[in-house]
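Inspection log for the structure reproduced underneath, given as structure tokens.
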Amino acid sequence: MRYHSHIVTSLCFGAAVAAHTSLSFSVSYTAGIVVGSLLPDIDEPKSYVGRRSMGVSNKVKEAFGHRGMTHSLVVWGIIALVMMWESSSLFAVGFVLGYLFHILEDFFSVQGVPLFWPFTLKRFKIPIYRTGNFIEKALFYAAFALLVYIGTKENLFYEWWKSFGSFM
Ligand SMILES: [Zn+2]
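Under mature numbering (1 follows the signal peptide of the UniProt record, and there is no 0), read the sequence shown as residues -18 to -1, 1 to 150, first letter to last.
This is the structure:
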């Protein structure tokens, strides 16, 4: 999945979570989701984060390969524990969720993800789209429409804007 698809689908999932929990759809929460939904592709030098990682990406890919450890639920669990231990800020919650959504989104690609690395290198998937193909584009627009729908119906955009004001 391309980075903009990851951002939009993750924000859509994040909006659904905020609508059904007491989590506030704030600037910090959405910023956490965006960063968390981009970070797993640090193992791909050609990805959005990879191109901006100043060489870190090449090292990770060399060591583990693309869609290796950074796409594992085991690694996600450790990161989630550390993040939640350190801070229970909305940014941290958003980050942990965004990271999880990224793994879920890649799970629906034909390439699949090694969910249980390092225990098994097997890639798990329910193949629905191929990176960059028309199905991914359709998913992008569907997620965008759904995000606007949930955001409007649940008054999330207003909540977001209000939290933005508190930053000023
Ligand atoms: Zn990925």
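Built from N, CA and C at the ideal position, the CB exists for glycine as well.
Is the beta carbon of residue j closer than 9 Å to that of residue i?
| i | j | result |
| --- | --- | --- |
| Gly133 | Ala13 | no |
| Ser39 | Ser29 | yes |
| Leu21 | Ala125 | no |
| Ala1 | Leu121 | no |
| Val75 | Ile85 | no |
| Ser6 | Glu136 | no |
| Phe73 | Tyr11 | yes |
| Val42 | Tyr(-16) | no |
| Ile117 | Ile108 | no |
In the DSSP output, what is residue i paired with across the bridge?
| i | result |
| --- | --- |
| Tyr111 | Ser91 |
| Phe106 | Val95 |
Closer than 8 Å to a non-hydrogen atom of ligand 2 - does that hold for the CB of residue i?
| i | result |
| --- | --- |
| Pro27 | For the structure depicted, ligand 2 is absent and the ligand set comprises only ligand 1. |
At which residues does the alpha helix (DSSP H) containing residue i begin and terminate?
| i | result |
| --- | --- |
| Leu55 | 55 to 68 |
| Phe101 | Element bounds for Phe101: n/a, residue is neither H nor E. |
| Val31 | No alpha helix (DSSP H) contains Val31, which DSSP labels as neither H nor E. |
| Ile15 | 9 to 20 |
| Gly147 | 138 to 147 |
| Thr134 | 116 to 135 |
| His(-15) | -16 to 2 |
| Ser39 | 38 to 46 |
Among the options, which has the Cα closest to the Cα of residue i?
| i | options | result |
| --- | --- | --- |
| Arg112 | Trp99, Ala127, Glu87 | Glu87 |
| Phe89 | Arg105, Pro100, Gly76, Phe101 | Arg105 |
| Thr(-10) | Leu97, Ser8, Leu79 | Leu79 |
| Ser(-14) | Thr3, Ile15, Phe7, Leu5 | Ile15 |
| Phe101 | Asn115, Met(-18), Val56, Ser69 | Val56 |
| Ser8 | Arg34, Ala127, Tyr131, Ser71 | Ser71 |
| Met(-18) | Leu97, Phe98, Val92, Ser4 | Val92 |
| Ala(-12) | Leu129, Glu141, Ser148, Trp67 | According to the sequence displayed, residue -12 carries Ile and not Ala. Minimum Cα distance to Ile(-12) is reached at Leu129. |
| Ile61 | Phe83, Ser10, Phe77 | Phe77 |
| Trp99 | Gly147, His48, Ile108 | His48 |
| residue 159 | Lys119, Tyr81, Glu44 | Not covered by the structure: residue 159. The range shown for the chain is -18 to 150. |
Query raised in the report: Any chance the stretch 46 to 54 sits against the stretch 24 to 31, with 3 or more Cβ pairs inside 8 Å?
Result: yes
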